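K.L.:
If you read the sequence shown in this note's numbering, its first letter stands for residue 28, the second for the next number, and so on. One structure is given below, represented as structure tokens, and several questions about it will come after.
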Amino acid sequence: MSQRTGGDICVVASFPSEANAKDGMIQRVAHIDALMKNVPRIYLDLSFRRFTRKEVRQEGQAQVFCLNIFVHFFQILGMLRRARLVYVHSAYNALRIMPFPTRATVVFDAHGVVPEERELEGHHRSARILAKAERFILQRCDTLVCVTRSMLNHFGRKHGHRMGREELVLPILPRLGDGDAPAQVLAAKRRPGSVIYAGGMQAWQNVDKMVDAAARQPSLHYTFLTGDIERFNARLKASAVRQFDCKSVAPAEVKDHYLAHQYGFVLREADLVNAVACPTKLVEYLYWGVLPIVITPNIGDFDGKHMQCVTLEQFLQGQLPDAATADAMRRHNQATSAALIEAARSHEERLQQRLLGTH
Numbered sequence: 028m029s030q031r032t033g034g035d036i037c038v039v040a041s042f043p044s045e046a047n048a049k050d051g052m053i054q055r056v057a058h059i060d061a062l063m064k065n066v067p068r069i070y071l072d073l074s075f076r077r078f079t080r081k082e083v084r085q086e087g088q089a090q091v092f093c094l095n096i097f098v099h100f101f102q103i104l105g106m107l108r109r110a111r112l113v114y115v116h117s118a119y120n121a122l123r124i125m126p127f128p129t130r131a132t133v134v135f136d137a138h139g140v141v142p143e144e145r146e147l148e149g150h151h152r153s154a155r156i157l158a159k160a161e162r163f164i165l166q167r168c169d170t171l172v173c174v175t176r177s178m179l180n181h182f183g184r185k186h187g188h189r190m191g192r193e194e195l196v197l198p199i200l201p202r203l204g205d206g207d208a209p210a211q212v213l214a215a216k217r218r219p220g221s222v223i224y225a226g227g228m229q230a231w232q233n234v235d236k237m238v239d240a241a242a243r244q245p246s247l248h249y250t251f252l253t254g255d256i257e258r259f260n261a262r263l264k265a266s267a268v269r270q271f272d273c274k275s276v277a278p279a280e281v282k283d284h285y286l287a288h289q290y291g292f293v294l295r296e297a298d299l300v301n302a303v304a305c306p307t308k309l310v311e312y313l314y315w316g317v318l319p320i321v322i323t324p325n326i327g328d329f330d331g332k333h334m335q336c337v338t339l340e341q342f343l344q345g346q347l348p349d350a351a352t353a354d355a356m357r358r359h360n361q362a363t364s365a366a367l368i369e370a371a372r373s374h375e376e377r378l379q380q381r382l383l384g385t386h
């Protein structure tokens, strides 16, 4: 496979590092970066406010430029014009490149429905601005990458389909195990009555409902893994939840916590943001044998047929599966996650060919 030279691939995003590894968006950036790790490429980390002094560093084959959109306008314009391919991560970064014309092939990785997420969090002006950025990039991009088929369909309904655009479905796949993982999952010694949550405090995570549910089942033990540890700890200490651990761990350590727990909260409402999502933690739960506790099983491309779970209503009433039923549920969910991963592989290969210019 031939390698191109120079900065013919431009990635518009922050470069993944140890410092930002726990951020959900950056985990996706890191996954895509691994597809082109041996190829020279440029990262454009752009800001409207920061980086008034240019910062440049080398990260392996990647050259990272931290630039201010106003101060370094012409330098950014020059790099985007020279690029063969521009990979834009999320509507946030689409907004940052709107002023810069380029003839490059543009790949847009949506990550999520950002305008609707901002609206849900009460940021109405930001939602309107990002809706314009989303429309701009969907009209401009040559390849659209979505985490679910549901998201792809949503964009089609909202903005129409662009003729000739390549459309790929690639979930944000987590760090997974090797061929021994299925046996490891079924043999794991899980703490009886243990419930885990991995994630932040965004509005769609339903933290208040989660804490309330935990308080109403006080005999169980709860573990909260979060990057927002101070706020989460304060929320828990102000609640009636007594048996809990709240901590932040490296991504590589999360698997060990999953293998020690029986259940996991994924309290997503039946709204648009969740109807198109593919939460990384949900795939992790299914893969590592954690039985999801859900408001609705209809999350992204999942439903009650493909995912065995415990509803919030069942959890509040103490209707939890016995050991044999839980084991059968884990086997079913393992098959579901394996099928999801296999389906994603072919689209990942197509995307890699596009990135390396070998398709």
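Glycine included, C-beta positions come from ideal geometry on N, C-alpha and C. Everything numeric in this text was worked out from a predicted model, so none of it was measured.
Which residues in the same chain have their Cβ closer than 7 angstroms to the Cβ of residue 240, if we skip the five residues on either side of it in sequence?
P.N.:
Once the five neighbours on either side are set aside, the close Cβ partners of residue 240 are 339, 342 and 343.
K.L.:
For the beta strand (DSSP E) containing residue 186, name the first residue and the last one.
P.N.:
Not the beta strand (DSSP E): residue 186 falls in the alpha helix (DSSP H), residues 176 to 186.
K.L.:
Decide if residue 178 is buried, meaning its Cβ has at least 16 other Cβ atoms within 10 Å, or exposed.
P.N.:
Buried, by the Cβ-count rule.
K.L.:
When you compare only the Cα positions, how much space is there between residue 35 and residue 327?
P.N.:
The straight-line gap from Cα to Cα measures roughly 34 angstroms.
K.L.:
With a threshold of 16 other CB atoms inside 10 Å of the CB of residue 284, please say whether the residue is buried or exposed.
P.N.:
Buried.
K.L.:
So residue 133 and residue 113 are supposed to be a Cβ contact under 8 angstroms. How far apart are they, rounded?
P.N.:
Going by Cβ atoms, the distance from residue 133 to residue 113 rounds to 5 angstroms, so yes, they are a contact pair.
K.L.:
To the nearest angstrom, how far is the alpha carbon of residue 64 from that of residue 55?
P.N.:
If you take the alpha carbons of residue 64 and residue 55, they lie about 14 angstroms apart.
K.L.:
Evaluate the contact criterion for the stretch 103 to 121 versus the stretch 366 to 384: three or more CB pairs, one atom per stretch, below 8 angstroms.
P.N.:
Short answer: they touch.
K.L.:
In whole angstroms, what is the alpha-carbon distance linking residue 142 and residue 249?
P.N.:
Cα to Cα, residue 142 sits roughly 33 angstroms from residue 249.
K.L.:
Looking only at C-alpha atoms, which of 214, 279, 336 and 256 sits nearest to residue 294?
P.N.:
Looking at the Cα atoms, 336 is the closest of the given residues.
K.L.:
To test your reading of the DSSP string, which unbroken beta strand (DSSP E) runs of 3 or more residues are found completely within the stretch 216 to 261?
P.N.:
Whole beta strand (DSSP E) segments, 3+ residues: 221 to 225 and 248 to 252.
K.L.:
For the beta strand (DSSP E) that residue 45 lies in, which residues bound it at each end?
P.N.:
Run containing residue 45: none; DSSP gives neither H nor E here.
K.L.:
Taking 7 angstroms as the limit between beta carbons, can you name the residues of its chain near residue 42, skipping five residues before and five after?
P.N.:
The answer, listed in chain order, is 70, 72, 86, 89 and 91.
K.L.:
Should residue 292 go down as buried or exposed, given a rule of 16 or more other Cβ atoms within 10 Å for buried?
P.N.:
It counts as buried.
K.L.:
Can you list the alpha helix (DSSP H) stretches of 4 or more residues lying completely in the stretch 51 to 104, in chain order?
P.N.:
Runs found: 51 to 61.
K.L.:
Using three-state DSSP, classify residue 116 as helix, strand or coil.
P.N.:
Strand, per DSSP.
K.L.:
Between which two residues does the alpha helix (DSSP H) harbouring residue 340 extend?
P.N.:
Unbroken alpha helix (DSSP H) run through residue 340: 339 to 343.
K.L.:
Have a look at 296, 195 and 274 and flag the residue whose alpha-carbon is nearest the alpha-carbon of residue 237.
P.N.:
Out of 296, 195 and 274, 296 has the C-alpha closest to the C-alpha of residue 237.
K.L.:
Taking Cβ to Cβ, would you say residue 318 is nearer than 8 angstroms to residue 353?
P.N.:
A contact, by the Cβ cut-off of 8 angstroms.
K.L.:
Which residue spans inside the stretch 313 to 368 form an unbroken alpha helix (DSSP H) run of at least 4?
P.N.:
Qualifying alpha helix (DSSP H) stretches, in chain order: 339 to 343.
K.L.:
Can the beta-carbon of residue 164 be found less than 8 angstroms from the beta-carbon of residue 135?
P.N.:
In contact: residue 164 and residue 135 (Cβ atoms closer than 8 angstroms).
K.L.:
Return the CA-CA distance between residue 246 and residue 267, expressed in angstroms with no decimal places.
P.N.:
Whole-angstrom Cα-Cα distance: 12 angstroms.
K.L.:
Between 322, 197, 166 and 106, which has its C-alpha nearest residue 372's C-alpha?
P.N.:
Measuring from the Cα of residue 372, the nearest candidate turns out to be 197.
K.L.:
To the nearest angstrom, report how far apart residue 119 and residue 288 are at their CA atoms.
P.N.:
Rounded to the nearest angstrom, the two C-alpha atoms are 35 angstroms apart.
K.L.:
With 16 as the cutoff for other CB atoms within 10 Å, does residue 123 come out buried or exposed?
P.N.:
Result: buried.
K.L.:
In whole angstroms, what separates the C-alpha of residue 33 from that of residue 68?
P.N.:
Residue confidence is low: residue 33 scores 42 on pLDDT, short of 50, so the model does not pin down where it sits. Its coordinate-derived value is still stated next. Between residue 33 and residue 68, the C-alpha separation is close to 7 angstroms.
K.L.:
Can you confirm whether the stretch 309 to 316 touches the stretch 354 to 363 when touching is taken to mean that 3 or more C-beta pairs between the two stretches lie within less than 8 angstroms?
P.N.:
A contact exists between the stretch 354 to 363 and the stretch 309 to 316.
K.L.:
Just verifying my parser: in three-state terms, what is the DSSP assignment at residue 36?
P.N.:
Note: residue 36 maps to strand in three-state DSSP.
K.L.:
Whole-angstrom Cβ separation of residue 98 and residue 79, contact assumed at under 8 angstroms?
P.N.:
Confirmed, Cβ separation roughly 5 angstroms.
K.L.:
So, residue 225 versus residue 308, is the Cβ gap smaller than 8 angstroms?
P.N.:
Yes. Within cutoff.
K.L.:
If you run the structure through DSSP and keep just helix, strand and coil, what is residue 207?
P.N.:
The answer is coil: DSSP assigns residue 207 none of H, G, I, E or B.
K.L.:
Whose CA, out of 286, 121, 105 and 375, lies closest to the CA of residue 218?
P.N.:
Among 286, 121, 105 and 375, the Cα nearest to that of residue 218 belongs to 286.
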